[in-house]
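Chains A and B, in that order, give the protein sequences. Just so you know, we're using our numbering here: the first sequence kicks off at 1 and counts up by one. Just so you know, we're using our numbering here: the second sequence kicks off at 206 and counts up by one. Note that the Cβ used here is the ideal one computed from N, Cα and C, for glycine as well. What follows is a single structure, written as structure tokens, with notes after it.
2 protein chains.
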Amino acid sequence: MQISSSLLENAVNEFARLPGIGKKTALRLVLHLIKQEPSDVQRFSDAINRMKKDVLFCSVCNNVSDSRICNICSNPSRKKESICVVETIRDVIAIESTQQYNGLYHVLGGVISPLDGIGPDQLKIETLVQRIQNDGVEEVIFALSPNIQGDTTIYYIQKKIETFAAKVTTIARGIAFGGELEYADELTLGRSLQNRMPIEKYVSH
Amino acid sequence: MQISSSLLENAVNEFARLPGIGKKTALRLVLHLIKQEPSDVQRFSDAINRMKKDVLFCSVCNNVSDSRICNICSNPSRKKESICVVETIRDVIAIESTQQYNGLYHVLGGVISPLDGIGPDQLKIETLVQRIQNDGVEEVIFALSPNIQGDTTIYYIQKKIETFAAKVTTIARGIAFGGELEYADELTLGRSLQNRMPIEKYVSH
């Protein structure tokens with residue numbers, strides 16, 4: 001791509017570094033910004049700079065936060081006895097959007113994946129174990145990716161916490177609402193048959 | 206989308222203002238930036254700010270430029286006798302990428318479109334007419350969108366310049382390379398039959 005302005009080219013190259021943004025999309029975004037008011041563009045870059053400079057990670061659950069303790073952990077109306085273990089901040093946002101969960105979270109920062117060089121020590125597992133041991137946790141809900149790495153991580157953590165009394169669950173796997181049976185993979189369909197549930201429970205949703 | 210950090214939320218909202226970027230994509234981009242080195246994020250926002258502050262538009266052809274006259278207009282090896290008339294900066298970049306054109310450009314900034322409230326006065330038509338009249342231009346090549354607005358614009362400009370001696374052409378319309386005949390629309394296929402060309406000319410490409 002030949003651009004007659006090095007300033008424009010720089011901005012395009014920076015945008016094209018972002019995941020999923022190619023050169024053509026980057027050019028479209030930059031040409032959009034060129035047409036905006038200077039104050040709008042300033043606000044855009046200020047928001048990014050301030051976010052990068054001031055954003056914190058909750059010292060309890062590792063969720064993204066404006067303060068040392070995030071507003072989920074510090075919310076007195078949330079159930080402190082329940083911890084939902086997730087991989088990333090994005091998973092917290094996804095579960096929060098369902099408005100079906102009123103407990104706390106713990107963001108691991110990934111899952112155990114020896115092939116990618118990620119062992120238990122790179123994840124926030126130790127602090128999770130401490131929380132479960134010390135904070136009167138009654139239920140640990142795993143909401144990790146349904147693959148070998150996720151299952152390994154669940155197994156590893158479960159071994160560490162099995163001496164404490166906490167109840168351990170994982171979110172249900174099965175056919176998605178709106179999903180078609182014939183297109184479901186065999187593993188999911190087979191498991192959803194094995195784990196079939198009483199119809200009253202289904203209707204109460 | 207419920208985000209536990211207002212700093213993160215601000216950045217997501219700013220990204221989501223960009224064309225074609227939804228909330229989920231914006232979140233993905235912002236979470237990517239969070240993981241980068243502070244210096245990388247600074248470079249990203251600096252590139253945008255500097256581009257917005259310092260980028261100029263060529264006083265001759267309206268192309269984006271680092272200086273008062275762009276490096277296409279000021280390049281002594283380019284043919285000053287030929288002007289390619291395009292709608293936007295993006296068209297200049299697209300044509301430059303073909304490396305098939307060695308003349309100058311003129312960026313109109315759009316096409317005449319009464320329904321959108323765009324008349325000839327909002328476009329850089331007057332300066333184009335002056336260039337054709339005064340700069341010894343021998344050929345004017347229209348590379349506008351093949352629709353009513355583009356055709357209207359060509360007709361309007363052609364009326365204004367028909368008293369000068371310049372040759373006026375438009376880029377060829379026809380079946381794209383790799384395009385399948387059966388999927389071509391009737392207008393394009395019909396025109397490409399009408400405007401059929403000697404086989405020698407085709408082979409020489």
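In chain order, what residues of the same chain lie with their CB nearer than 8 Å to the CB of A:Ser145, ignoring the 5 residues before and after it?
Once the five neighbours on either side are set aside, the close Cβ partners of A:Ser145 are Glu87 and Val111.
If distances are taken between C-alpha atoms only, which option among B:Ile330, B:Arg401 and B:Ile239 comes closest to A:Leu18?
Nearest C-alpha to A:Leu18: B:Ile239.
Given 8 Å as the limit, is there contact between the segment 53-61 of chain A and the segment 69-84 of chain A, that is, 3 or more CB pairs closer than that?
The segment 53-61 of chain A vs the segment 69-84 of chain A: in contact.
Beta-bridge partners of B:Thr293, as assigned by DSSP
Bridge pairing for B:Thr293: absent [DSSP].
So what's B:Thr368 in DSSP terms, helix, strand or just coil?
If DSSP states are grouped into helix, strand and coil, B:Thr368 belongs with coil.
Can you give me the start and stop residues for the alpha helix (DSSP H) that B:Ser217 sits inside?
Looking at the sequence shown, residue 217 of chain B is not Ser but Val. Where B:Val217 is concerned, the enclosing alpha helix (DSSP H) stretches over Ser211 to Ala221.
Might you give, ordered along the chain, the residues of its own chain that have their beta carbon closer than 6 Å to the beta carbon of A:Lys124, omitting 5 neighbours on each side?
Excluding the 5 residues flanking it on each side, A:Lys124 has same chain C-beta neighbours closer than 6 Å at Asn62, Leu108 and Gly109, in chain order.
Could you pull out every unbroken beta strand (DSSP E) segment of at least 3 residues lying fully inside the segment 252-305 of chain B, listed in chain order?
Annotation note: the segment 252-305 of chain B contains the following uninterrupted beta strand (DSSP E) runs of length 3 or greater, listed N- to C-terminal: 284-291.
Output the residue ranges of the alpha helix (DSSP H) runs that lie fully inside the segment 318-402 of chain B and measure 4 residues or longer, sorted by chain position.
For the alpha helix (DSSP H) assignment, the uninterrupted runs of no fewer than 4 residues enclosed by the segment 318-402 of chain B are, from N- to C-terminal side, 330-339, 353-366 and 391-399.
Amino acids of chain B, ordered along the chain, whose beta-carbon sits closer than 8 Å to that of A:His106
Correct list: empty, because the minimum Cβ distance to chain B is about 14 Å.
Alpha-carbon to alpha-carbon, B:Glu343 and B:His311:
Their Cα atoms are separated by approximately 14 Å.
Nearest candidate by alpha-carbon position, reference A:Ser244, set B:Asp245, B:Ser244, B:Pro243 and B:Asn254
This structure does not reach residue 244 of chain A, given that chain A is present from 1 up to 205, and the question cannot be answered.
Does DSSP classify B:Leu313 as helix, strand or coil?
In the three-state DSSP reduction, B:Leu313 falls in the coil class, being neither helix nor strand.
Just to confirm the assignment, what range does the alpha helix (DSSP H) spanning B:Ile208 have?
Per DSSP, B:Ile208 belongs to no alpha helix (DSSP H) and is neither H nor E.
For B:Gly150, list the residues DSSP reports as bridge partners.
Since the displayed chain B opens at 206 and closes at 410, residue 150 of chain B lies outside it and no answer follows.
B:Leu236 versus chain A: which residues are under 8 Å apart at the beta carbon?
Within 8 Å Cβ-Cβ: Thr88, Ile89 and Arg90.
Hey, B:Val269 and A:Ser4 are a contact pair by Cβ (cut 8 Å); roughly how many whole angstroms apart?
Contact check for B:Val269 and A:Ser4: beta-carbon distance about 6 Å, within the 8 Å limit, so the pair qualifies.
Run down chain A in chain order and give the residues with a C-beta less than 8 Å from the C-beta of B:Val246.
Listed along chain A are Ile48, Asn49 and Lys52, each with a C-beta nearer than 8 Å to that of B:Val246.
Taking the alpha-carbon of B:Glu242 as reference, which of A:Gln42, A:Lys24 and A:Lys53 has the nearest alpha-carbon?
The candidate whose alpha carbon is nearest that of B:Glu242 is A:Lys53.
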